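>
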Amino acid sequence: AQSVTQLDSQVPVFEEAPVELRCNYSSSVSVYLFWYVQYPNQGLQLLLKYLSGSTLVKGINGFEAEFNKSQTSFHLRKPSVHISDTAEYFCAVSASGGYNKLIFGAGTRLAVHP
Amino acid sequence: DVKVTQSSRYLVKRTGEKVFLECVQDMDHENMFWYRQDPGLGLRLIYFSYDVKMKEKGDIPEGYSVSREKKERFSLILESASTNQTSMYLCASSIPRTSGSWSTDTQYFGPGTRLTVL
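Residue numbers (the numbering used here), protein chains in the order written: chain A, 76 to 189; chain B, 6 to 123.
1. Any chance the stretch 133-152 of chain A sits against the stretch 81-90 of chain B, with 3 or more Cβ pairs inside 8 Å?
2. Could you spell out where the beta strand (DSSP E) holding B:I82 opens and where it closes?
3. Can you give the beta carbon distance from A:Y164 to A:L185, rounded, assuming they're within the 8 Å contact cut?
4. In the DSSP output, what is B:M93 paired with across the bridge?
5. What residues match up with B:L48 in a beta bridge as DSSP calls it?
6. Taking only beta carbons into account, state which residues of the stretch 48-61 of chain B come closer than 8 Å to chain C, listed in chain order.
7. With burial defined as no fewer than 16 other Cβ atoms inside 10 Å of the residue's Cβ, what is the status of A:Y125: buried or exposed?
8. Using a Cβ-Cβ cut-off of less than 9 Å, list which residues of the stretch 106-124 of chain A approach chain B; keep chain order.
9. Which of the three DSSP states is assigned to B:S12 in this structure?
10. Rounded to whole angstroms, how far is the Cβ of B:Y52 from the Cβ of B:K58, which I believe are closer than 8 Å?
11. Tell me whether the stretch 63-83 of chain B and the stretch 26-34 of chain B touch, counting them as touching only if at least three CB pairs, one residue from each stretch, are closer than 8 Å.
12. Taking 8 Å as the cut-off, decide whether the C-beta atoms of A:G182 and A:Q81 are in contact.
13. Which residues in chain B sit within 7 Å of A:S169, going by Cβ to Cβ distance?
14. Just how far apart, CA to CA, sit A:S84 and A:C166?
15. Please report the residue range of the beta strand (DSSP E) in which A:S140 lies.
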């Protein structure tokens with residue numbers, strides 16, 4: 076079985092500062108990894124996903140994440156955040172191959188302050 | 006653009022009532038999902054469906070049932086609502102399977118229904 080731990084429930088940051096949202100997973104098999112974002116009063120939308128290949132994945136809105144197999148991590152980063160990045164961010168994992176469901180982390184609330 | 010719509014944004018029901026939550030997607034997706042979202046717990050899968058009239062239990066199916074009579078519509082039913090079912094409910098759909106796996110699929114979410122059971 077897979078599980079996901081998002082290490083910070085809330086991350087406050089000033090506008091234009093860099094940010095890192097941390098995600099660790101556990102799995103006995105190969106996995107696919109996802110980051111979804113939920114803006115206020117909206118459903119989730121995909122930011123980026125890692126399936127295979129390059130461990131550095133670039134997503135929408137200037138976000139990127141790095142897959143680190145040895146540390147079982149998939150941290151999300153942005154070099155300079157905007158007020159509009161204020162949202163809840165969810166890391167998710169699914170086992171590779173076949174028909175496997177997504178397992179979500181508890182979420183990290185990013186609050187960007189002026 | 007993929008559109009997933011949910012019938013209500015906010016719903017208030019009484020304990021014991023039968024509750025229907027409706028979800029419609031317009032992109033001919035085969036797979037549809039119902040999650041509940043609770044603070045500190047993230048999203049948990051209630052049920053999913055990979056075809057019309059097909060359904061599979063997720064991680065927390067107790068107290069819920071689903072119906073998928075048409076490809077675009079997936080309904081979540083609370084047979085007898087209880088206060089511990091107060092939550093945000095999110096519907097999602099995913100792109101058609103092409104490679105014998107849906108683990109890589111992007112899921113498209115509706116805006117959610119915030120259900121309060123009193």
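All residues carry an ideal CB built from backbone N, CA and C; glycine is no exception.
Since this is a predicted model, take the numbers as computed values, not measurements.
On the basis of the coordinates in this document:
1. Too few Cβ pairs lie closer than 8 Å, so no.
2. The count along the second sequence starts at 1 and reaches residue 82 of chain B at position 77. Residues 78-83.
3. For this step, residue 164 of chain A is matched to residue 89 along the first sequence. For this step, residue 185 of chain A is matched to residue 110 along the first sequence. 6 Å between Cβ atoms; contact.
4. Here residue 93 of chain B refers to the residue found at position 88 of the second sequence. DSSP, once it has assigned bridges, lists B:Q42, B:R119 as partnering B:M93.
5. Taking the second sequence and counting its residues from 1, the one referred to as residue 48 of chain B is at position 43. DSSP output for B:L48 lists B:Q42 as bridge partner(s).
6. Going by chain labels, chain C is absent from the structure shown, which instead holds the protein chains A and B.
7. Indexing the first sequence from 1 puts residue 125 of chain A at position 50. It counts as buried.
8. Flagged, chain order: V106, Y107, F109, Y111, Q113, N116, Q117, G118, L119, Q120, L121, K124.
9. Counted from its first residue, the second sequence places residue 12 of chain B at position 7. Coil, per DSSP.
10. Numbered from its first residue, the second sequence carries residue 52 of chain B at position 47. Numbered from its first residue, the second sequence carries residue 58 of chain B at position 53. With a beta-carbon spacing of about 13 Å, B:Y52 and B:K58 fall beyond the 8 Å limit used to define contacts.
11. Flag = yes, the stretch 63-83 of chain B and the stretch 26-34 of chain B touch.
12. For the purposes of this step, residue 182 of chain A is identified with residue 107 of the first sequence, where counting begins at 1. For the purposes of this step, residue 81 of chain A is identified with residue 6 of the first sequence, where counting begins at 1. Their beta carbons are under 8 Å apart, which means A:G182 touches A:Q81 by this criterion.
13. For this step, residue 169 of chain A is matched to residue 94 along the first sequence. By Cβ distance, chain B contributes S108.
14. Translated into the one-based positions of the first sequence, residue 84 of chain A becomes position 9. Translated into the one-based positions of the first sequence, residue 166 of chain A becomes position 91. Cα to Cα, A:S84 sits roughly 12 Å from A:C166.
15. Within the first sequence, the letter at position 65 stands for residue 140 of chain A. It should be pointed out that residue 140 of chain A corresponds to Ala in this sequence rather than to Ser. Judged by DSSP secondary structure, A:A140 falls within the beta strand (DSSP E) whose first and last residues are 139-143.
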